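Asks:
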Amino acid sequence: MKKTLLLSAFLCLFTILSYAQDAESASIKWMSMEEMEKAHAKEPRKIIIDVYTDWCGWCKRMDKTTFQNPEITRYINEKYYAVKLNAEQKETIKFKDTEFKYVPNGRRGYHELAADLLKGKMSYPSIVYLDENLNMIQPVPGYQDAIKMEQIIKFIGDDHYKTTNFETFQTDFKSAL
7 MKKTLLLSAF
17 LCLFTILSYA
27 QDAESASIKW
37 MSMEEMEKAH
47 AKEPRKIIID
57 VYTDWCGWCK
67 RMDKTTFQNP
77 EITRYINEKY
87 YAVKLNAEQK
97 ETIKFKDTEF
107 KYVPNGRRGY
117 HELAADLLKG
127 KMSYPSIVYL
137 DENLNMIQPV
147 PGYQDAIKME
157 QIIKFIGDDH
167 YKTTNFETFQ
177 TDFKSAL
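Start counting the sequence shown at 7; every next residue gets the next number (my numbering).
1) Taking the alpha carbon of alanine 47 as the point to measure from, which residue in Lys127, Asn92, Asn83, Asn139 has its own alpha carbon closest?
2) So for phenylalanine 101, helix, strand or coil by DSSP?
3) Would you give the residue range spanned by the beta strand (DSSP E) that isoleucine 143 belongs to?
4) Taking the C-alpha atoms as reference points, what is the distance between serine 38 and alanine 45?
5) Measuring alpha carbon to alpha carbon, tell me which of Lys52, Glu40, Lys35 ends up nearest valine 134.
6) Does the region 112-128 come into contact with the region 62-75, if we say contact requires no fewer than three beta-carbon pairs (one atom in each stretch) closer than 8 Å?
7) Just to confirm before moving on: does the CB-CB distance between lysine 168 and tyrosine 81 stay below 8 Å?
8) What number of angstroms, rounded off, separates the C-alpha of cysteine 6 from the C-alpha of serine 129?
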């Protein structure tokens, strides 16, 4: 009886631990700008920055759908450093030796880094792509479902953007979803 109970407890614990590991590996490894710069200094990669606000419904939907898709998660974790940037956060952020601050503006302000990355076109959600040298590739405004996101992250992640336009890439694209 004790052996059966002990074996059952062990199997339950093993199942819970393996599920927890699967859940962790199935989520995007989001970083702060500071964490990204440290990781990038050791191993340069492209950067994907999710610019969001706390009140943005489409941002929350992207978090619950697009960013939970296993293929999207796997590819982003493999090819990019992923950063979450609250466009209304009040903390100062240092990026590429420049300090960016919160700017009060009416009921809601904005963060200078978000404004810089979005080229002043404050739209949420927006995904900003940087190359391995931290140079802007492209900001992409608006909600992206998993199918559209897969096309964009692979177009940029596999360097197709250097040799072809997005429309041509889309016609030949084979989805893994």
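Think of the CB as a built atom: it goes at the ideal place given N, C-alpha and C, for glycine as much as any other residue.
Just so you know, these numbers come straight off a predicted model, no measurement behind them.
Replies: Let's see:
1) Against the sequence shown, residue 47 aligns to sequence position 41. Nearest of Lys127, Asn92, Asn83, Asn139 to alanine 47, Cα basis: Asn139.
2) If you number the sequence shown from 1, residue 101 lands on position 95. Judged by DSSP in its simplified three-state form, phenylalanine 101 adopts strand.
3) In the sequence shown, residue 143 corresponds to position 137, counting from 1. Unbroken beta strand (DSSP E) run through isoleucine 143: 142-147.
4) Your numbering for residue 38 matches position 32 in the sequence shown. Your numbering for residue 45 matches position 39 in the sequence shown. For serine 38 and alanine 45, the distance between alpha carbons rounds to 11 Å.
5) Stepping through the sequence shown from its first residue, residue 134 is reached at position 128. Considering only alpha carbons, the answer is Lys52.
6) no
7) Here residue 168 is taken as the residue at index 162 of the sequence shown, counted from 1. Here residue 81 is taken as the residue at index 75 of the sequence shown, counted from 1. It is not a contact, given that the beta carbons lie outside the stated cut-off.
8) Since the displayed the chain opens at 7 and closes at 183, residue 6 lies outside it and no answer follows.
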